[in-house]
Amino acid sequence: MRSQKRKQQIDPIAQFMQEHDEMLLQLSSLTKASRSLAQHGFSVDAFNKVNLALHFIEDEVSVHNKREEEALFPVLERYVEGPTRLMREDHRNLKKEYIGLRRVVRKLEKKKDDEDLIRELEVAAKSIVHGFVNHIHKENHILFPLVQKFMTKDALREVARRMLHA
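Residue numbers for the sequence shown follow the numbering used here, so the first one is 1073 and each next one is one higher.
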């Protein structure tokens, strides 16, 4: 009971921002690994780091985005709608970019020495990293301050409760 109460008292915005920090670390690793592949050719180490970043996006980022869309956005939309519409659109676009990047990685897995695929991977990785960094910046510096300005403590507690079930 006590741990459940403690979970409900989390600051949802602080948790989302902490998850953003973890995402930025993975995106940095993706950038370095894809750059290494482009500069030095295929290596198992760099390719594994690309795959680790992809798994992180698939497992962690998809859950993060779902929690934003199911826990935070509905409560925030009681106050303002425009920003959540833009964030949902970003989520959809980033998912499409992720699918494209994953497709290139799967092709490269079969043709490790294909320089065109390696260049395609680097371009796709740069694009998704750029998209995620911009999205995180918008949420951290525009959306979350808006949340903190307009939402009551009760509304934030509701977001925290919804996060447990999203």
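Each residue gets a CB set at the ideal place from its N, CA and C atoms; glycine is no exception.
Note down, in chain order, each residue of its chain lying with its Cβ closer than 6 Å to the Cβ of residue i, except the 5 sequence neighbours on either side.
i: I1129; result: Y1170
i: F1088; result: none
i: A1227; result: V1147
Using a Cβ-Cβ cutoff of less than 7 Å, which residues in the same chain neighbour residue i once the five nearest sequence positions on both sides are dropped?
i: R1246; result: There is no way to answer for residue 1246, as the model of the chain reaches only from 1073 to 1238.
i: E1230; result: V1147
Alpha carbon to alpha carbon, how far is residue i from residue j?
i: K1184; j: L1126; result: 17 Å
i: F1216; j: D1186; result: 43 Å
i: H1213; j: L1180; result: 37 Å
i: K1240; j: R1234; result: The structure shown does not extend to residue 1240, since the chain spans only 1073 to 1238, so no value can be given for it.
i: D1188; j: L1173; result: 14 Å
i: F1119; j: V1152; result: 42 Å
i: T1156; j: E1140; result: 9 Å
i: K1210; j: L1109; result: 30 Å
i: R1091; j: K1182; result: The question names Arg, but residue 1091 in the sequence shown is Glu. The alpha-carbon atoms of E1091 and K1182 are separated by roughly 33 Å.
Do residue i and residue j have their C-beta atoms within less than 8 Å of each other?
i: V1133; j: M1095; result: yes
i: N1165; j: G1203; result: yes
Have a look at the options and flag the residue whose alpha-carbon is nearest the alpha-carbon of residue i.
i: A1196; options: T1156, K1167 and H1112; result: K1167
i: S1288; options: I1190, G1154 and A1232; result: Nothing about residue 1288 can be read from this structure; the chain reaches only from 1073 to 1238.
i: V1176; options: D1162, E1192 and E1161; result: E1192
With a threshold of 8 Å on Cβ separation, who are the neighbours of residue i within its own chain once the five nearest residues in sequence on each side are excluded?
i: S1101; result: K1121, L1124 and A1125
Item to check | Every unbroken alpha helix (DSSP H) within the stretch 1178-1229, with a cutoff of 4 residues, ordered by chain | outcome: 1187-1210 and 1216-1222
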